[in-house]
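Residue numbers (this note's numbering): 68 to 443. Note that the Cβ used here is the ideal one computed from N, Cα and C, for glycine as well. Predicted, not measured: the structure shown is a model, and the values here were computed from it.
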RNA sequence: CAUCUAUCUAGCAUU
């Protein structure tokens with residue numbers, strides 16, 4: 068059974084759901100880990116509904132079954148479902164609580180993350196690291212530092228987490244000082260420091276650090292692409308791209324965005340059509356690129372042909388119309404989109420403001436509060 | 001006593 072379970076998971080991790088399924092069906096004497104494994108295979112393949120169906124028929128669910136399902140919902144941002152499942156499960160353990168801390172944190176619910184942290188019966192190192200990360204992701208580097216200082220033990224993840232708390236929130240010199248003080252460093256430490264320079268617009272610092280790195284991976288290369296692109300140096304960005312041993316989707320996206328944001332629409336398009344795979348970010352990026360160049364019908368076509376649309380997809384097109392002064396089209400989209408968020412309202416408001424309709428902008432701002440949205 | 005399954009840190013997208 069253990070051998071079968073291992074194989075089911077291995078195939079799933081390589082994207083071979085069909086093989087996982089076949090092996091699962093042939094598994095003799097299935098245990099709960101077998102069921103959990105195939106359920107997570109479906110999660111991995113993005114088939115959340117089917118995963119849920121499997122969850123429902125698992126004969127003897129254990130805490131891993133429940134936690135896996137909670138985590139699956141959390142990963143795709145279905146925080147209410149995660150929450151509901153978490154509330155109804157029999158015996159959550161420390162992993163389940165940790166999952167919820169991350170879920171809340173990634174959805175901007177720092178208050179809920181902290182509450183969970185405070186209420187959980189026991190904490191482990193991952194709990195503390197998750198809390199550092201929660202503060203990092205929600206703009207609170209000082210709180211991240213407080214947690215870091217208070218935690219009973221630390222590991223390299225804690226260190227890297229605190230460094231990125233500084234780096235992500237504009238405290239570049241603190242990030243670099245901390246990086247310099249670290250006795251152990253791994254590739255993630257180096258990449259985090261590189262990202263700190265890059266997001267600070269310090270191309271020189273980034274380049275020097277990059278040249279000093281003991282090893283590189285696709286993340287470090289991509290960070291350099293972004294660093295060059297951010298300074299308008301798209302040719303050097305392209306050189307970095309060409310020097311990479313292998314390209315993943317994010318590397319392509321970074322190059323595409325670099326071209327797009329520096330006004331090279333046809334280069335961006337060329338990359339777009341040559342990409343071996345695309346994701347939501349790719350489509351949003353090309354939509355925004357079309358919008359910036361007033362190619363609104365192309366932008367609209369992208370939205371219409373997307374396999375899945377999120378609120379962000381709609382926001383991107385709304386912003387496209389709004390920034391080009393086409394407020395009536397923006398308004399139409401605004402009314403028909405399934406689910407607005409703060410970003411949607413922001414796009415509409417700035418569109419009206421830019422078009423010189425200050426009154427409409429203010430009306431919308433007031434209306435937004437009435438609809439229960441908190442301005443950011 | 002032990003093998004398989006769930007949780008933490010780095011790069012890309014709208015405003």
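Go through its chain and collect everything with a Cβ distance to residue i's Cβ below 8 Å, but skip five positions before and after it.
{"i": "residue 172", "result": "180, 197, 200, 201, 204 and 205"}
{"i": "residue 194", "result": "161, 164, 165, 168, 184 and 187"}
{"i": "residue 313", "result": "285"}
Specify the secondary structure class of residue i as computed by DSSP and reduced to three states.
{"i": "residue 156", "result": "coil"}
{"i": "residue 68", "result": "coil"}
{"i": "residue 285", "result": "helix"}
{"i": "residue 210", "result": "helix"}
{"i": "residue 171", "result": "helix"}
{"i": "residue 444", "result": "No answer is possible for residue 444: the residues shown for the chain start at 68 and end at 443."}
{"i": "residue 331", "result": "coil"}
{"i": "residue 422", "result": "coil"}
{"i": "residue 75", "result": "helix"}
{"i": "residue 204", "result": "helix"}
{"i": "residue 216", "result": "helix"}
{"i": "residue 143", "result": "coil"}
{"i": "residue 251", "result": "coil"}
{"i": "residue 186", "result": "helix"}
{"i": "residue 446", "result": "Past the boundaries of the shown model lies residue 446; the chain is included only from 68 to 443, so the question cannot be answered."}
{"i": "residue 441", "result": "coil"}
{"i": "residue 238", "result": "coil"}
{"i": "residue 267", "result": "coil"}
{"i": "residue 179", "result": "helix"}
{"i": "residue 165", "result": "helix"}
{"i": "residue 309", "result": "helix"}
Hey, is residue i close to the ligand FAD, as in C-beta under 7 Å from one of its heavy atoms?
{"i": "residue 137", "result": "Ligands are entirely absent from the displayed structure, and the ligand FAD is therefore not among its contents."}
Cutting at 6 Å between CB atoms, please list the residues of its own chain near residue i, excluding the five before and the five after it.
{"i": "residue 210", "result": "202"}
{"i": "residue 357", "result": "365 and 366"}
{"i": "residue 112", "result": "84"}
{"i": "residue 226", "result": "249"}
{"i": "residue 121", "result": "106"}
{"i": "residue 409", "result": "440 and 443"}
Please confirm whether residue i and residue j have their CB atoms less than 8 Å apart.
{"i": "residue 371", "j": "residue 414", "result": "no"}
{"i": "residue 262", "j": "residue 228", "result": "no"}
{"i": "residue 230", "j": "residue 260", "result": "yes"}
{"i": "residue 90", "j": "residue 74", "result": "yes"}
{"i": "residue 141", "j": "residue 170", "result": "yes"}
{"i": "residue 436", "j": "residue 418", "result": "no"}
{"i": "residue 243", "j": "residue 289", "result": "no"}
{"i": "residue 416", "j": "residue 428", "result": "yes"}
{"i": "residue 391", "j": "residue 361", "result": "yes"}
{"i": "residue 71", "j": "residue 99", "result": "no"}
{"i": "residue 352", "j": "residue 375", "result": "no"}
{"i": "residue 38", "j": "residue 349", "result": "Examination of residue 38 is not possible in this model, given that the chain is present from 68 through 443 alone."}
{"i": "residue 304", "j": "residue 322", "result": "yes"}
For residue i, which residues of its own chain have a beta-carbon under 7 Å away from its beta-carbon, when the five flanking residues on both sides are left out?
{"i": "residue 354", "result": "366, 369, 370, 383, 384 and 387"}
{"i": "residue 217", "result": "none"}
Problem set entry | Continuous alpha helix (DSSP H) assignments of at least 4 residues falling wholly in the stretch 81 to 138 | 84 to 93, 99 to 111 and 115 to 124
Problem set entry | Length at least 3, wholly inside the stretch 335 to 413: the beta strand (DSSP E) runs in chain order | None, since the stretch 335 to 413 contains no complete beta strand (DSSP E) of that length.
For this session: Would you check if there are 3 or more beta carbon pairs closer than 8 Å linking the stretch 299 to 310 to the stretch 278 to 285?
Result: no
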